[in-house]
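Structure record follows, encoded as structure tokens.
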Amino acid sequence: MSTPNGFPQHSGACVTQSTEGGAVQDLHAEKAGKAAKKEAGGNGVLTFEDPPSVGTSVKETLKLLPDELKANMKIKSITPRPPRKLRLERAASLDEKSWRRWRRFRTSQESLTDPNETSSSNGSLQEASLSPPIRGRASPCHQCCQHNSLHSSPDASEASPMGKSRGGTADLGKRASEISSAFGGLLRGKAFAGGKPRLSQIMPARPLPPMEFNVASHTLRTANRIDSDYMDYRHYSQHKFGRVSSSLSDTRLHGNGMVYDNCSTDSMKSTFSLLTPIRSKDVRSRSYLEGSLLANGALLGAEELSKYFPDRNIGIFVATWNMQGQKVCALNLDDFLLPTDPDYAQDMYVIGVQEGCPDRREWEIRLQETLGPHYVMLYSAAHGVLYMSVFIRRDLIWFCSEVEYATVTTRIVSQIKTKGALGICFTFFGTSFLFITSHFTSGDSKVNERKLDYNKTIQALTLPKNVPDTNPYRSSSSDVTTRFDEVFWFGDFNFRLNKDRETVDSILNQNPETDVSKLLAYDQLTSEMSRGSIFKGFQEADIHFRPSYKFDIGKDSYDTTSKQRTPSYTDRVVYRSRYRDDIHAIKYSSCPVIRTSDHRPVFALFRVKVRPGRDNIPLAAGQFDRELYLIGIKRRITRELQKRQEQKDQKSSSICSVS
Numbered sequence: 001m002s003t004p005n006g007f008p009q010h011s012g013a014c015v016t017q018s019t020e021g022g023a024v025q026d027l028h029a030e031k032a033g034k035a036a037k038k039e040a041g042g043n044g045v046l047t048f049e050d051p052p053s054v055g056t057s058v059k060e061t062l063k064l065l066p067d068e069l070k071a072n073m074k075i076k077s078i079t080p081r082p083p084r085k086l087r088l089e090r091a092a093s094l095d096e097k098s099w100r101r102w103r104r105f106r107t108s109q110e111s112l113t114d115p116n117e118t119s120s121s122n123g124s125l126q127e128a129s130l131s132p133p134i135r136g137r138a139s140p141c142h143q144c145c146q147h148n149s150l151h152s153s154p155d156a157s158e159a160s161p162m163g164k165s166r167g168g169t170a171d172l173g174k175r176a177s178e179i180s181s182a183f184g185g186l187l188r189g190k191a192f193a194g195g196k197p198r199l200s201q202i203m204p205a206r207p208l209p210p211m212e213f214n215v216a217s218h219t220l221r222t223a224n225r226i227d228s229d230y231m232d233y234r235h236y237s238q239h240k241f242g243r244v245s246s247s248l249s250d251t252r253l254h255g256n257g258m259v260y261d262n263c264s265t266d267s268m269k270s271t272f273s274l275l276t277p278i279r280s281k282d283v284r285s286r287s288y289l290e291g292s293l294l295a296n297g298a299l300l301g302a303e304e305l306s307k308y309f310p311d312r313n314i315g316i317f318v319a320t321w322n323m324q325g326q327k328v329c330a331l332n333l334d335d336f337l338l339p340t341d342p343d344y345a346q347d348m349y350v351i352g353v354q355e356g357c358p359d360r361r362e363w364e365i366r367l368q369e370t371l372g373p374h375y376v377m378l379y380s381a382a383h384g385v386l387y388m389s390v391f392i393r394r395d396l397i398w399f400c401s402e403v404e405y406a407t408v409t410t411r412i413v414s415q416i417k418t419k420g421a422l423g424i425c426f427t428f429f430g431t432s433f434l435f436i437t438s439h440f441t442s443g444d445s446k447v448n449e450r451k452l453d454y455n456k457t458i459q460a461l462t463l464p465k466n467v468p469d470t471n472p473y474r475s476s477s478s479d480v481t482t483r484f485d486e487v488f489w490f491g492d493f494n495f496r497l498n499k500d501r502e503t504v505d506s507i508l509n510q511n512p513e514t515d516v517s518k519l520l521a522y523d524q525l526t527s528e529m530s531r532g533s534i535f536k537g538f539q540e541a542d543i544h545f546r547p548s549y550k551f552d553i554g555k556d557s558y559d560t561t562s563k564q565r566t567p568s569y570t571d572r573v574v575y576r577s578r579y580r581d582d583i584h585a586i587k588y589s590s591c592p593v594i595r596t597s598d599h600r601p602v603f604a605l606f607r608v609k610v611r612p613g614r615d616n617i618p619l620a621a622g623q624f625d626r627e628l629y630l631i632g633i634k635r636r637i638t639r640e641l642q643k644r645q646e647q648k649d650q651k652s653s654s655i656c657s658v659s
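Written out as structure tokens, the structure reads:
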């Protein structure tokens with residue numbers, strides 16, 4: 001016969017239990033327990049006490065009836081055995097081992113809470129167990145346990161009945177261990193089967209923080225080991241651009257059973273690499289010699305493009321500067337190449353120079369030193385004193401085709417290469433680019449000669465050569481600018497202002513900085529472009545800077561020599577595209593702090609749309625000028641060390657004055 005709680009019921013005792021409505025105490029059982037305690041005396045009682053636990057103190061006392069003690073004494077007198085105390089200690093040590101195993105398991109789950117808390121939502125933090133001296137431990141975890149501990153007096157002890165012992169003292173110790181474990185399960189609302197405790201469901205101690213995809217949550221960053229600057233691209237592209245991209249191959253990973261949710265996908269990527277996992281089958285089948293526009297796994301396809309450029313826009317810096325053949329380059333090019341207005345550097349830098357310094361290599365080293373280790377020089381070319389250098393972010397060099405270049409001389413004597421044009425072209429993903437830097441005929445009144453220079457350039461520049469045209473149906477054999485998707489033409493075009501020096505000076509004095517609309521009304525290039533006689537199909541961003549020519553070297557004043565040349569916008573950047581709204585001008589300005597030439601550098605920032613391409617174009621295969629890269633980085637390090645040493649010397653030096 002057993003009680004509703006599953007405990008064996010024997011003569012002379014009952015078990016009291018807390019209910020949801022309150023603590024029900026059996027006074028008869030309490031009196032019977034006290035009487036049994038008196039009859040048994042000090043030697044016939046086994047007491048299981050719980051030391052003060054977290055929040056409340058649970059005290060359990062299990063008493064053996066006198067009949068059981070007599071039976072044990074009879075057995076002891078018939079069969080000599082070791083002292084009963086040793087048997088009980090042995091039983092307790094076995095139970096203590098199970099408690100320690102359970103404790104290690106709970107510790108491995110990292111679900112322990114603050115020991116000062118009075119309750120826990122993770123279940124019982126201290127399970128029913130025995131430790132020498134033999135004690136039954138339980139912590140109130142559920143509401144019923146807390147309610148029971150509140151309504152029971154500290155002196156009250158709950159009697160746990162035991163039937164007559166059918167075995168010796170070993171059975172008695174085992175029975176005590178079982179009752180102690182079961183009584184702990186009763187306090188948790190669950191009964192244990194056997195002597196091993198069954199863990200309750202693990203619940204969080206407090207509400208979990210919200211899972212944020214922007215990795216601002218410290219909990220998410222810690223749990224999934226996501227780097228602080230890493231963002232789930234799939235969610236980001238859906239939120240910002242309203243499109244779903246499979247660039248991270250989440251669907252393929254889920255289908256193969258590698259991961260089961262987005263969090264585990266992020267964890268896997270951040271644990272091994274931020275790069276997209278590549279299947280072995282794709283590695284075997286990829287040749288990069290054939291491909292289609294939307295082929296799965298294509299190097300230049302839509303999937304790869306969306307991974308690097310979710311909005312399919314690339315930032316391009318285009319600059320032109322007539323260096324006037326100065327032997328000494330500017331010491332600091334930061335204000336020129338890295339203006340402070342945009343928050344981020346661009347993806348590509350294209351710099352054209354007219355009348356460049358004699359040491360072309362030194363100029364390229366200065367560019368590499370300024371741009372730093374994040375950029376590599378994809379290509380550079382020269383035509384006399386016309387230089388052009390193309391720098392690109394080092395992780396984008398794999399998506400460029402072979403680079404080609406061509407030159408045109410516009411002077412009658414072709415050996416003198418101070419005037420002419422230099423063009424560089426390549427394909428980036430599926431978009432073809434053409435960059436042209438030119439130096440047209442100088443002279444205030446030689447507008448027609450400059451237009452002839454333009455016409456000769458578009459007809460004689462033989463590009464592209466091996467790289468296929470992305471859209472041959474819209475190309476013309478008589479105009480090189482029609483054979484590319486995006487064209488940027490920049491240089492010293494030498495177009496002047498059709499106004500005398502005094503009038504121009506008075507306008508500049510009235511509007512010292514941004515309002516130059518009155519000056520542009522006299523600009524030769526603006527007038528010719530509006531007529532369509534030059535740069536057909538090209539556009540130019542709005543000009544909000546002062547004329548870039550002609551300055552006194554080292555000063556901010558315009559020409560003060562006897563010639564008194566009129567300030568003009570000779571240095572320009574124009575652009576055209578096959579597709580409407582592919583190019584957006586972000587900034588168009590000059591760099592007034594560089595005063596080593598009579599021209600100020602002029603630059604423009606663009607956002608250019610890029611399209612996916614095919615894998616059947618000749619690729620550059622990661623080509624860049626490695627020697628230049630190493631020299632530029634070493635010089636950059638040397639410059640930083642020298643700057644630190646100067647600051648250190650300045651702090652340590654002191655000036656003493658004696659009066």
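Letter 628 of the sequence shown, counting from 1, is numbered 628 in full-length UniProt numbering, and no numbers are missing.
Ideal Cβ positions, reconstructed from N, Cα and C, are used throughout, including at glycine.
As the structure is a computational prediction, the values presented were derived from the model and not from experiment.
The beta strand (DSSP E) with residue i in it runs from where to where?
{"i": "T409", "result": "E404 to T409"}
{"i": "S380", "result": "Y375 to H383"}
{"i": "W489", "result": "E486 to D492"}
{"i": "V328", "result": "Unbroken run through V328: none, as it is neither H nor E."}
{"i": "Q354", "result": "M348 to Q354"}
Give me the Cβ distance between residue i and residue j, rounded to the nearest whole Å; I'm assuming they're in contact under 8 Å.
{"i": "F538", "j": "N494", "result": "Not really, about 17 Å apart at Cβ, beyond 8 Å."}
{"i": "residue 662", "j": "V447", "result": "The shown model of the chain, from 1 to 659, leaves out residue 662, and the question about it has no answer."}
{"i": "I424", "j": "M388", "result": "6 Å"}
{"i": "T431", "j": "R611", "result": "5 Å"}
Return the first residue and the last residue of the alpha helix (DSSP H) that residue i is part of.
{"i": "Y308", "result": "A302 to Y308"}
{"i": "T427", "result": "Looking at the DSSP string, T427 is not in any alpha helix (DSSP H); the run it does join, the beta strand (DSSP E), is G420 to F428."}
{"i": "Q524", "result": "Q524 to R531"}
{"i": "I365", "result": "R360 to L371"}
{"i": "K518", "result": "S517 to L520"}
Check residue i in the structure and name its three-state DSSP category.
{"i": "M323", "result": "coil"}
{"i": "R393", "result": "strand"}
{"i": "I278", "result": "coil"}
{"i": "N509", "result": "helix"}
{"i": "D334", "result": "helix"}
{"i": "R284", "result": "helix"}
{"i": "F535", "result": "coil"}
{"i": "F399", "result": "helix"}
{"i": "R501", "result": "helix"}
{"i": "R483", "result": "helix"}
{"i": "D571", "result": "strand"}
{"i": "Y387", "result": "strand"}
{"i": "I316", "result": "strand"}
Evaluate residue i with the Cβ neighbour count: other Cβ atoms within 10 Å of its Cβ, from every protein chain shown; 16 or more gives buried, anything less gives exposed.
{"i": "G491", "result": "buried"}
{"i": "K281", "result": "exposed"}
{"i": "R639", "result": "exposed"}
{"i": "Y379", "result": "buried"}
{"i": "I202", "result": "exposed"}
{"i": "Q459", "result": "exposed"}
{"i": "Q645", "result": "exposed"}
{"i": "D347", "result": "buried"}
{"i": "D649", "result": "exposed"}
{"i": "A205", "result": "exposed"}
{"i": "D229", "result": "Reliability fails at D229, whose pLDDT of 46 lies under 50, so the model's placement of it is uncertain and no value is given."}
{"i": "K465", "result": "exposed"}
{"i": "V593", "result": "exposed"}
{"i": "Y549", "result": "buried"}
{"i": "A521", "result": "exposed"}
{"i": "T470", "result": "buried"}
{"i": "H383", "result": "buried"}
{"i": "S476", "result": "exposed"}
{"i": "I534", "result": "buried"}
### Task
Can you check the region 576-653 for any beta strand (DSSP E) of at least 3 residues that lies completely inside it and give the ranges in chain order?
583-590 and 602-609
#### Entry: Inside the region 431-478 only - alpha helix (DSSP H) runs reaching at least 4 residues
447-460
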